[in-house]
Amino acid sequence: MTADPLVPPGTTAAYDVTREELQLAARNHGMPLETMRFDITPVGLHYLLIHYDIPKVDPAQWTLEITGAVQRLATFTLDDLRGRDAVTTPVTLECAGNGRARLSPRTLSQPWLLEAIGTGEWTGTPLWPLLEEAGLAADVVDVVFTGLDRGVEGGAEQRYERSLTPDQIRNGEVLLVYGLNGAPLPPQHGFPLRLLVPGWYGMASVKWLSHITASTERFAGYQQARAYRYRADPDDTGEPVTRIQVRSLMVPPGIPDFFTRQRYVRPGPVLIEGRAWSGAGAIDRVEVSVDDGEHWTEAELDEPIGRHAWQGWRMPWDATPGPHVLVCRATDTAGNSQPLEHRWNLGGYAVNTVHRVGVEVTEHPPDTAAG
Ligand SMILES: Nc1nc2c(c(=O)[nH]1)N[C@H]1C(S)=C(S)[C@@H](COP(=O)(O)O)O[C@H]1N2
Ligand SMILES: [Mo]
Numbered sequence: 008m009t010a011d012p013l014v015p016p017g018t019t020a021a022y023d024v025t026r027e028e029l030q031l032a033a034r035n036h037g038m039p040l041e042t043m044r045f046d047i048t049p050v051g052l053h054y055l056l057i058h059y060d061i062p063k064v065d066p067a068q069w070t071l072e073i074t075g076a077v078q079r080l081a082t083f084t085l086d087d088l089r090g091r092d093a094v095t096t097p098v099t100l101e102c103a104g105n106g107r108a109r110l111s112p113r114t115l116s117q118p119w120l121l122e123a124i125g126t127g128e129w130t131g132t133p134l135w136p137l138l139e140e141a142g143l144a145a146d147v148v149d150v151v152f153t154g155l156d157r158g159v160e161g162g163a164e165q166r167y168e169r170s171l172t173p174d175q176i177r178n179g180e181v182l183l184v185y186g187l188n189g190a191p192l193p194p195q196h197g198f199p200l201r202l203l204v205p206g207w208y209g210m211a212s213v214k215w216l217s218h219i220t221a222s223t224e225r226f227a228g229y230q231q232a233r234a235y236r237y238r239a240d241p242d243d244t245g246e247p248v249t250r251i252q253v254r255s256l257m258v259p260p261g262i263p264d265f266f267t268r269q270r271y272v273r274p275g276p277v278l279i280e281g282r283a284w285s286g287a288g289a290i291d292r293v294e295v296s297v298d299d300g301e302h303w304t305e306a307e308l309d310e311p312i313g314r315h316a317w318q319g320w321r322m323p324w325d326a327t328p329g330p331h332v333l334v335c336r337a338t339d340t341a342g343n344s345q346p347l348e349h350r351w352n353l354g355g356y357a358v359n360t361v362h363r364v365g366v367e368v369t370e371h372p373p374d375t376a377a378g
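If you're matching positions, the sequence shown starts at 8 in my numbering and goes up one per residue.
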């Protein structure tokens, strides 16, 4: 057995998952990493993160309202939105908490290891033109997005709400989406309408969207002002979590042990492959090590499939018998690289440490050797 590859050398992690974490993990599933082989994640394999309950929405009754500091209040039906300019684009979503369970100590929340990712082909209409038609007042500082789901968090009942500044919407990339992979949004991904903020961690993309409110005051809702901030300790107000930090992940090579997930690879030619993405720019390079970071080789990059979608990479390896720790590390065009060791923060956000996968290269996985 190789050392636990989820734990960088010289650090420790405790996997004493609590009952509450298990409860969340069973509701909010990740995307099995072998399904990175698909350019577009099939519906059902995309990760899920749902703070409260999945609402059942009657599309005939549902409307989207634009209210607050606008010249013209507006109400849209689903057909109104579907009749507007449509954009279909692949976008990689990642939960800001992806990697959280690898930290020690860690905040008790959804205990993601590495699978809180997925790439959908989303269909919707750009948000900015709707806001322009409504006529945002000149002194609007935040546009607030409210979902239909309701729950209690931080000791207070609330709807799931997030905001963006007008400047964060103006570039035209933010979409109101009603389609995923050529079909209507499924209930778990926000039917009938969600916000999609390409390049940002998932928390910004409000599902089951029903209200957009233009506000002349800074929005101070729980998901904006308390959750999703990089904090050093509970008294720190911290900086907001926004764009996705650079990450690469590897399709685990070989075959797994059912229970431990230890990987077994036969000696000889092996294709190490995976995906890389960043909300700060495009991918510049992915480097791969087959000796736990002693030596690095540049992987070959596939053609990009979209500006805000993951990019494939591959590297041939001639696997030699024995234990190996395979590592991948991406660097984006803004010059950010994945760190070799975990960078800790209170909420466990953006833990984009290099991906290490332990493999045992052998002609004889255990039970054949035993027989
Ligand atoms: N209304 C609402 N929107 C939401 C959430 C939620 O709980 N309620 N979760 C957010 C978080 S934290 C993430 S990571 C993404 C997950 O999107 P997905 O489940 O479609 O992958 O949705 C975001 N939008
Ligand atoms: Mo998330």
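Glycine included, each C-beta is placed from N, C-alpha and C at the ideal position.
Just so we're clear, the structure is a prediction, and the values are computed from it rather than from any experiment.
7 Å Cβ shell around residue i - same chain, five flanking residues per side excluded
i: I251; result: E101, G206, W207, Y208, W284, S285, G286
i: T385; result: There is no way to answer for residue 385, as the model of the chain reaches only from 8 to 378.
i: G300; result: V334, L347
i: Q230; result: Y167, E168, R169, M210
i: V297; result: W324, H331, L333
i: V64; result: L155, F198, P199, W215
i: R233; result: G161
Test item: CB-CB of residue i and residue j under 9 Å
i: N352; j: G245; result: yes
i: G154; j: G127; result: no
i: Q117; j: L56; result: yes
i: M210; j: L278; result: no
i: V181; j: L134; result: yes
i: P276; j: D309; result: no
i: G288; j: L200; result: no
i: R225; j: A337; result: no
i: T99; j: W317; result: yes
i: A108; j: G355; result: yes
i: L187; j: L88; result: no
i: G161; j: L52; result: no
i: A32; j: A357; result: no
i: L29; j: L121; result: no
i: I262; j: P372; result: yes
i: E367; j: R270; result: yes
Residue i: first and last residue of the uninterrupted alpha helix (DSSP H) it sits in
i: E140; result: 135-141
i: E229; result: According to the sequence provided, residue 229 is Tyr. The question's Glu does not apply to it. From DSSP, the alpha helix (DSSP H) with Y229 extends over 229-232.
i: L88; result: 85-89
Contacts around residue i, its chain only, beta-carbon distance under 6 Å, and the 5 residues preceding and following it disregarded
i: I312; result: D46, P97
i: T220; result: T74, G75, V151
i: M257; result: G281, C335, H362, V364
i: P247; result: R236
i: N105; result: W119, A123
i: A376; result: Here A376 scores only 49 on pLDDT, less than 50, and its place in the model should not be relied on; the value that follows carries that caveat. Excluding positions up to five away in sequence, the list is empty.
i: M8; result: The predicted model places M8 with a pLDDT of 45, which falls under 50 and marks its position as unreliable; any figure quoted below should be read in that light. Contacts found: none.
i: A380; result: Within the shown structure, residues of the chain are numbered from 8 to 378, placing residue 380 beyond reach of any answer.
Bridge partners - residue i, DSSP secondary structure assignment
i: S255; result: A283
i: C335; result: V295, H362
i: Y271; result: I262, E367
i: E246; result: Y237
i: E168; result: T153
i: E128; result: P97
i: L278; result: P323
i: T82; result: E72
i: P330; result: E367
i: W207; result: R250
i: S344; result: T338
i: A163; result: E160
Residue span of the beta strand (DSSP E) that contains residue i, given as start and end
i: Q175; result: Taken as a continuous stretch (DSSP letters only), Q175 belongs to no beta strand (DSSP E), being part of the alpha helix (DSSP H) at 173-177.
i: L202; result: 201-203
i: S217; result: 216-222
i: P194; result: No beta strand (DSSP E) contains P194, which DSSP labels as neither H nor E.
i: T96; result: 94-101
i: F152; result: 149-160
i: L182; result: 182-187
Cβ shell of residue i (< 8 Å), same chain only, five flanking positions each side left out
i: Q195; result: L55, I57, I61
i: T70; result: T82, F83, T84, S217
i: D156; result: I57, H58, Y59, D60, I61, P62, R166, Y167, K214, W215
i: G370; result: The sequence given here has Glu at residue 370, not Gly. The residues are R273, P274, P328.
i: G378; result: Its pLDDT being 46, under 50, G378 is placed unreliably by the model, and the measurement read from it follows with that caveat. Cβ within range, chain order: n/a, list empty.
i: E27; result: L115
i: G228; result: V151, Q165, E168, R169, S170
### Query
Which whole runs of the alpha helix (DSSP H) in the segment 23-78 are 4 residues long or more, in chain order?
Within the segment 23-78, the complete alpha helix (DSSP H) runs of at least 4 residues are 26-34.
### Task
Give, in chain order, every unbroken run of the alpha helix (DSSP H) that is at least 4 residues long and sits entirely within the segment 284-327.
With a minimum length of 4 residues, no continuous alpha helix (DSSP H) run stays inside the segment 284-327.
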